[in-house]
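Presented below is the structure to which this report refers.
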Amino acid sequence: MAAGLLAGAWPAPASAQGSGIGFPIERPSLTPGVRAAATYSDNILLSGGGRSSDLVLEASPYINARSMSPRARYNIDYQLRNFWRVRDGDTNFFRHGLNANGSFALVDDRLWLDLSGFMGTINASAAGPISADPASSFTNTANVRNFTISPWYRDRFRNVASYDLRYSLSHAGGSSGFALAKLTHRGSASVAGLPRDYSPWNWSVYGNFERREFDGGIERNRRSSGVQLSYRVTPALRVSGTLDYEQIDEVRNSDGDNYGYGPGAGFDWSPNTRTSVSASVSRRYYGTIGNARAAYTTPGTTLGIQYSRGIITSADGSLTRLDPLALLGGPGGLPNSVLAALIANGLLVPGAMLTQGLYTDAAVFDRRITAFWGLRGARNSLTFSAYWSTRESTTELVAITAITGIRGSSVAGGVFSGELRERGAAVAYQHRLDARSSVDVTLDRRLNESSSGGFETRLTTLRTGYSTQLTSDTAAFAGYRHTRQSSGGTGSEYSENAIYGGIDMRFR
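Its first residue numbered 48, the sequence shown is counted upward by one per residue in my numbering.
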């Protein structure tokens, strides 16, 4: 997504600049740094009435670490954001921003360990005063986190088939009252036939198990398994058919069943190094699920669109986020130079969040589309991004008290109830004045609504900024931001004008 949709007041920190995402890195890199900034806002609490102006100071250290070694691949982006209101003395310290993942070989090329971590700040309620950068907001925020450790083993049965065994343990938490499982256990196994030059046919069998452990002694299990038969039509096109079984505790269809069988089909098509298209659809007992993705990249532009539909039972999956590497990656994981350049220029922030008011391990029926188009030029860069998301509770955890809006209380914490629809689009333009300096303009529009919650909020943010590279490791930035939120029903309204400036230093 464009920076205005993902970041708040200023360009991406130096930790995201020049990272070379999409390119192999020969040696591990470690880049610490710090960002210091000052922002004057005429409505610091995003209030519809009784506006309060204030000067906010920020001092945020960060660290970036990467490795593309064949036996140790990892990507860590971490910020510790700290804010202080000068007039009222209010503080928001220690707001963690972490996007980290890694894969490490333990024994030969067979036993591996995957690690992932996420910490961030979201808008706690979609009906309240929302912000494009909730980590810097003093109102309507919730801190959330998710950590996963996953050992896995892969090998072959002679020259007949390969197999893969995996286990993962996840913990979700945060300052909000969302329904979060203390621990989530997942196990999976798959066996797939080895490709044969003389035969276009192949097969695989697979199975998965998940157990979520909530407070109050509540446990919820999920199981799935299936078989797949695939056929290679051409070297660029493969089609497949599946038969799947799925069961989810307390998620029932109109007949009262919480399990069932269903057929499925899919295809993968990569006619050249620029184009990649894939799709799958499967019938489950609770409805039809599916995934579709298309990506196209030229030397100067890149385009990606992805659609997904299905039941989500993980807090990390419940977040509406953009993964540009997954969305825009080329066939076979080829590097995307346009994507890397847009990230280096600060127009695109990898792994950032779009969600408001929903972070839960309770089962949610999710339908979403994310799309991104980027143009990289010698002096001008342009991005357009859009998302469409509808998330609907299955009410698998029943609240013991009345639910208000889209959140309520139960022995398991806050329970999402009803339907939450989010729509958004943003356009960002950057013009390079010279080799060191640039100006950028971002327009961001969002719509959140819930018929069960009785609200509708419409947020518009316009940001203009200037940045310059003072030295190879120091950058300065300044700009202006105007934000306006209108609403209907129980939603909140506010407007804000802010000016900001600061400096970003890396230590290498």
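Idealized CB from N, CA, C, for every residue including glycine.
*Exposed or buried, Asp481, counting other C-beta atoms within 10 Å across all chains shown (16 or more means buried)?*
Counting every other CB atom within 10 Å of its CB across the protein chains shown gives Asp481 a total below 16, marking it as exposed.
For Ser235, report the span of its alpha helix (DSSP H) as first-last. Note, Ser235: premise wrong, no alpha helix (DSSP H); beta strand (DSSP E) at Leu230 to Gly240.
Item to complete: Compare the beta carbon distance of Thr360 and Ser329 with 8 Å and say whether it is the shorter of the two.
Response: Against a cut-off of 8 Å, the Cβ pair of Ser329 and Thr360 comes out as no contact.
Q | Where the beta strand (DSSP E) through Gly144 begins and ends | A | Per DSSP, Gly144 belongs to the beta strand (DSSP E) from Thr138 to Val154.
- Query: Which term fits Gly334, buried or exposed, when burial requires 16 or more other beta carbons within 10 angstroms of its beta carbon?
  - Reply: So Gly334 ends up on the exposed side.
Counting only the same chain and skipping the five closest in sequence on each side, list residues whose C-beta sits under 7 Å from that of Asn305. Excluding sequence neighbours, Asn305 sits near Gln294, Ile295, Asp296, Glu297, Val298 and Arg299.
Looking at C-beta atoms only, is the number of pairs between the region 403-410 and the region 163-177 that lie closer than 8 Å three or more?
-> Below 8 Å, enough C-beta pairs join the region 403-410 and the region 163-177 to call them touching: three or more.
### Task
Give a yes or no on whether 8 Å exceeds the smallest Cβ distance from Leu429 to chain C.
Absent from the structure is chain C; it holds one protein chain and no more.
Go ahead and pull the three-state DSSP assignment for Val133. In the structure shown, Val133 sits in coil (DSSP, three-state: anything other than H, G, I, E or B).
Report task. With a cut-off of 8 Å on the beta carbons, I'd call Leu216 and Trp199 a contact; round off their distance for me. Result -> Between the beta-carbon of Leu216 and that of Trp199 there is about 12 Å, and that puts the pair past the 8 Å contact cut.
Rounded to the nearest angstrom, what separates Thr515 and Ala523 at their Cα positions? Going by the C-alpha atoms only, they are around 5 Å apart.
Buried or exposed: where does Asp363 fall if 16 or more other Cβ atoms within 10 Å of its Cβ makes it buried? With 16 or more other CB atoms across the displayed protein chains lying within 10 angstroms of its CB, Asp363 is buried.
Report the partner residues of Pro310 according to the DSSP bridge assignment. Note: Pro310 sits in a beta bridge opposite Leu290.
Requested in this report: State the DSSP-derived secondary structure class of Ala112, mapped to helix, strand or coil.
Outcome: Reduced to three states, the DSSP call for Ala112 is strand.
Any contact of the region 150-168 with the region 195-210, i.e. 3+ C-beta pairs under 8 Å? They touch, by the three-pair rule.
- [ ] Would you decide whether Arg483 is buried or exposed? Buried here means 16 or more other CB atoms lie within 10 Å of its CB.
- [x] Its Cβ having fewer than 16 others within 10 Å, Arg483 is exposed.
(Q) As a quick exercise: from Arg279, Phe140 and Ala106, pick the residue whose alpha carbon is nearest that of Pro317. (A) Note that residue 317 is Ser in the sequence shown, not Pro. Distance from the Cα of Ser317 is smallest, within the candidate group Arg279, Phe140 and Ala106, for Arg279.
Are there 16 or more other CB atoms within 10 angstroms of the CB of Glu469, so buried, or fewer, so exposed?
Burial call: buried.
Subject >> 8 Å Cβ cutoff met for Ala226 and Asn193 >> reply: Not a contact, by the Cβ cut-off of 8 Å.
Looking only at DSSP bridge pairs, what is Arg270 linked to?
Note: Arg270 is bridge-paired with Phe256 and Gln294 in the DSSP secondary-structure output.
So is Ala228 buried or exposed if we call it buried at 16+ other beta carbons inside 10 Å?
Ala228 comes out buried.
* Environment of Thr195 [buried if 16+ CB atoms lie within 10 Å] -> Thr195 comes out buried.
Practice prompt. Look up Glu469 in the DSSP assignment and give the residues it is bridged to.
Written response: Beta-bridge pairing links Glu469 to Ser436 and Asn495.
TODO: List the endpoints of the continuous beta strand (DSSP E) containing Ser355.
DONE: Thr348 to Ile359 is the span of the beta strand (DSSP E), which, as asked, contains Ser355.
Check your understanding: Apart from the five residues just before and just after Thr417, which ones in its own chain have a Cβ nearer than 7 Å to its Cβ?
Key -> Answer for Thr417: Gln353, Leu369, Leu374 and Tyr434, listed in chain order.
> Is the CB-CB distance between Phe554 and Gly80 below 8 Å?
Replying inline: Yes, these two residues count as a Cβ contact at 8 Å.
Legend entry - Range of the contiguous alpha helix (DSSP H) that encloses Asp363: Asp363 -> alpha helix (DSSP H) spans Ala362 to Ser365.
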